[in-house]
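Under this note's numbering, the first residue of the sequence shown carries the number 24, and numbering increases by one thereafter. A virtual CB, placed ideally from N, CA and C, is assigned to each residue, including glycine.
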Amino acid sequence: MKNLIYLVPVTLALIAGFLIVSKNSESAYAYAKTQGNFQVVEVFAKNGYSPAITEAKAGVPTILKIKTNNTLDCSAALFIPSIKYQKYLPVTGETEVQLLPQEKGATVSASCSMGMFGFEIRFV
Ligand SMILES: [Cu+2]
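As structure tokens, this is what we get:
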């Protein structure tokens with residue numbers, strides 16, 4: 024009976040751990056949201072980028088929406104090499120970048136200007 028008392032906190036800890044892991048994997052991988060005849064990819068920039076990977080549809084114009092909120096680190100210095108895009112994001116706000124329809128299998132990678140943090144959009 025004494026052993027059973029220890030099972031309760033252990034079980035609760037396991038459930039909490041599972042919830043934390045599943046929440047993190049959710050924020051690491053996301054899907055573009057379809058809006059009419061285009062799709063929106065939302066990325067939050069602060070001490071890195073989240074989600075790290077977003078899956079989007081090939082052949083559809085994409086709006087990349089980057090949100091900042093008191094972002095004072097270098098993730099505010101956004102660089103998207105494939106479209107020669109470079110911009111200092113506002114400390115707090117929303118920045119939209121338009122991407123032309125991409126081929127199936129294409130990946131658009133973005134990073135901070137130093138290449139320390141990054142994220143990518145995979146077109147399937
Ligand atoms: Cu950096």
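- As DSSP reads the structure, Ile103 sits in a beta bridge with Tyr108.
- Beta-carbon to beta-carbon, Gln125 and Phe146 are separated by about 4 Å, close enough to satisfy the 8 Å threshold.
- In the displayed model, Ala79 falls within a strand according to three-state DSSP.
- Near ligand 1, meaning a Cβ closer than 6 Å to any of its heavy atoms, lie the following residues in chain order: Cys97, Cys135, Met137, Met139, Phe140.
- Assignment of Ser136 by DSSP, reduced to helix, strand and coil, places it in the coil class.
- Nearest to Ser134 by alpha-carbon distance, out of Tyr52, Tyr54, Ser73, Gln58, is Ser73.
- The DSSP-derived three-state label of Ala51 is helix.
- Residue pairing by DSSP places Glu126 opposite no residue, since no beta bridge is assigned to it.
- Taking C-beta atoms as the reference points, Val66 and Leu95 fail to come closer than 8 Å.
- Excluding five sequence positions before and after Gln109, the CB atoms of its chain that fall closer than 6 Å to its own CB belong to Phe102, given in chain order.
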